[in-house]
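Let me begin by presenting the structure, written as structure tokens, before commenting on it.
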Amino acid sequence: MTDPVLIDELKTLVEPGKVLTDAASLEAWGKDWTKHFPPAPSAIVFPKTVDQVQAIVRWANRHKVALVPSGGRTGLSAAAVAANGEVVVSFDYMNRILDFNAFDRTVVCQPGVVTAQLQAFAEEQGLYYPVDFASSGSSQIGGNIGTNAGGIKVIRYGMTRNWVAGLKVVTGAGELLELNKDLIKNATGYDLRQLFIGAEGTLGFVVEATMRLDRAPKNLTAMVLGTPDFDSIMPVLHAFQGKLDLTAFEFFSDKGLAKILGRGDVPAPFATDCPFYALLEFEATTEDVANEALALFEHCVEQGWVLDGVMSQSEQQLRNLWKLREYLSETISHWTPYKNDISVTVAKVPAFLRDIDAIVTAYYPDFEVVWYGHIGDGNLHLNILKPEDMGKDEFFAKCAVVNKQVFETVEKYNGSISAEHGVGMTKRDYLAYSRSAAEIAYMKAVKAVFDPNGIMNPGKIFAPE
Ligand code: 2HG
Ligand code: ZN
Numbered sequence: 020m021t022d023p024v025l026i027d028e029l030k031t032l033v034e035p036g037k038v039l040t041d042a043a044s045l046e047a048w049g050k051d052w053t054k055h056f057p058p059a060p061s062a063i064v065f066p067k068t069v070d071q072v073q074a075i076v077r078w079a080n081r082h083k084v085a086l087v088p089s090g091g092r093t094g095l096s097a098a099a100v101a102a103n104g105e106v107v108v109s110f111d112y113m114n115r116i117l118d119f120n121a122f123d124r125t126v127v128c129q130p131g132v133v134t135a136q137l138q139a140f141a142e143e144q145g146l147y148y149p150v151d152f153a154s155s156g157s158s159q160i161g162g163n164i165g166t167n168a169g170g171i172k173v174i175r176y177g178m179t180r181n182w183v184a185g186l187k188v189v190t191g192a193g194e195l196l197e198l199n200k201d202l203i204k205n206a207t208g209y210d211l212r213q214l215f216i217g218a219e220g221t222l223g224f225v226v227e228a229t230m231r232l233d234r235a236p237k238n239l240t241a242m243v244l245g246t247p248d249f250d251s252i253m254p255v256l257h258a259f260q261g262k263l264d265l266t267a268f269e270f271f272s273d274k275g276l277a278k279i280l281g282r283g284d285v286p287a288p289f290a291t292d293c294p295f296y297a298l299l300e301f302e303a304t305t306e307d308v309a310n311e312a313l314a315l316f317e318h319c320v321e322q323g324w325v326l327d328g329v330m331s332q333s334e335q336q337l338r339n340l341w342k343l344r345e346y347l348s349e350t351i352s353h354w355t356p357y358k359n360d361i362s363v364t365v366a367k368v369p370a371f372l373r374d375i376d377a378i379v380t381a382y383y384p385d386f387e388v389v390w391y392g393h394i395g396d397g398n399l400h401l402n403i404l405k406p407e408d409m410g411k412d413e414f415f416a417k418c419a420v421v422n423k424q425v426f427e428t429v430e431k432y433n434g435s436i437s438a439e440h441g442v443g444m445t446k447r448d449y450l451a452y453s454r455s456a457a458e459i460a461y462m463k464a465v466k467a468v469f470d471p472n473g474i475m476n477p478g479k480i481f482a483p484e
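Be aware that the sequence shown starts at 20, since it is given in our numbering, and climbs by one per residue.
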């Protein structure tokens, strides 16, 4: 734990009352949505300005105190968990939109701006911030950048990385850098902005981000299609992608649907029971587009790839269809799931899912396994649910037994052990299944350049040595 004398010094660097050490605050700000590691920070500090962030980093360097960045705390890999007496730096009070440029279609955000706040701001300007996920009501832009967050529209819009025009960062050495100056074209050597995106706060803090906006989509329309097996989803994707610009192509299994319907507040899409469901979305800009989608649906039924389906006819119906997919993560959190967030190239998805499913079913015939994810970009979420009568530690230990085989399969398919949730602490021991020894050595060398004293989120991405 950090010496109380040092915490008193920390208090002089920020506004009065902006360092908290009470048990409830340590518990609340010391963790994210994961449940693997009990939070144990020394203090939570809330800077309000870039100068204060710099002062905190310099203080941490002087005294060799570890810092953990904290945003909306919706992370799923424990990158924002302070389990070892670190000081948590929360951006809750740096939450303002600072500027908007209509010609560049850019918004300057403080890191604590909530994703939904940016989305609403974009809408007020008649524009659109397209990176979207179920946690957009709490997740913050700084955290999204730290994990290069993806979500449900990646097939069309890409990851957070695609929308960052420029960054201001305070490095682990305490220096303020302005990266890329919001330019579209800038061929002046290494793009350091990209290094900080997805770095999980291990190189420094994002203290300002200029985010790009897009034109607002028109008449978004969703279809939910039931398929007789997983493999049939692929020709459906191929058929629709050949004719329409999809904004999303998601999937979930019958077990996932059962959990959603069990809530009692989301209507079933249709009466036919199917083992798998695809949710796709497109802009029905004209009647011709909607008719094309219906013709594709009929074609898929004729081919035997689809058993039943529905197309949204109103905004309310669009929202209800999305709930079938978007509510999944929160709904199954009740069963303390063991999560995997894995990806391969799209063409390999069916064989990959079959292999992983066979491993999991062989090891855990009694555990409930829920599959869902972002098929359109090759990202599968595998959630193993804890039986109600089993303790959390016993359950996680049992699940970990199979990690080796799951990750060996990921490696065999040239995939990723973390597609969009980051490495944090939950996946750090498995990094070598996705990155070569040489790559990891280069990554550590980069960290040492920006964070020479190793104060920035230590123990995240890389296992402690
Ligand atoms: C999603 O796609 C999120 O819903 C959460 O990435 C995934 O809960 C999960 O496993
Ligand atoms: Zn996801």
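In this text, a Cβ means the ideal position worked out from N, Cα and C, and glycines have one as well.
Under DSSP, residue 23 shares a beta bridge with no residue. Boundaries of the alpha helix (DSSP H) around residue 140: 134–143. Distances taken from the Cβ of residue 400 to the heavy atoms of ligand 1 include one shorter than 7 Å. In the displayed model, residue 63 falls within a strand according to three-state DSSP. For residue 131, the CB stays at least 7 Å from every heavy atom of ligand 2.
Bounds of the beta strand (DSSP E) holding residue 300 are 295–302. Not one heavy atom of ligand 2 sits closer than 7 Å to the Cβ of residue 353. Each residue's CA atom was taken as its position, placing residue 55 and residue 441 some 15 Å apart. In its chain, beyond the 5 residues on either side, 285, 286 have a beta carbon closer than 7 Å to the beta carbon of residue 339. Taking the Cα of residue 194 as reference, the smallest distance to any Cα among 78, 318, 324, 430 is reached at 78. In the three-state reduction of the DSSP assignment, residue 113 falls in the coil class. In this structure, the beta-carbon distance from residue 130 to residue 220 does not fall below 8 Å. When the Cα atoms are used, residue 373 and residue 349 turn out to be separated by approximately 25 Å. Just measuring C-alpha positions, the residue of 237, 29, 358 sitting nearest residue 142 is 237. Under the 10 Å beta carbon count, residue 446 is surrounded by 16 or more other beta carbons and is classified as buried. Looking at the DSSP output, residue 327 sits in a beta bridge with 245. With fewer than 16 other Cβ atoms inside 10 Å of its own Cβ, residue 433 counts as exposed. In the displayed model, residue 77 falls within a helix according to three-state DSSP.
The continuous beta strand (DSSP E) containing residue 190 extends over residues 183–190. If you look at residue 221, you'll find it isn't in any beta strand (DSSP E); DSSP assigns it neither H nor E.
In the DSSP assignment, residue 267 falls within the unbroken beta strand (DSSP E) covering 265–272. Here the C-alpha atom of residue 307 lies approximately 27 Å from the C-alpha atom of residue 148.
For residue 404, there is no enclosing alpha helix (DSSP H); the residue is found in the beta strand (DSSP E) stretching over 398–404. Distance between residue 347 and residue 460, taken at the CA atoms: about 37 Å.
With a threshold of 16 other beta carbon atoms within 10 Å, residue 400 meets it and is buried.
If you draw a 10 Å sphere on the C-beta of residue 298, you find 16 or more other C-beta atoms in it, and that means buried. Residue 439 has its Cβ nearer than 7 Å to a heavy atom of ligand 2.
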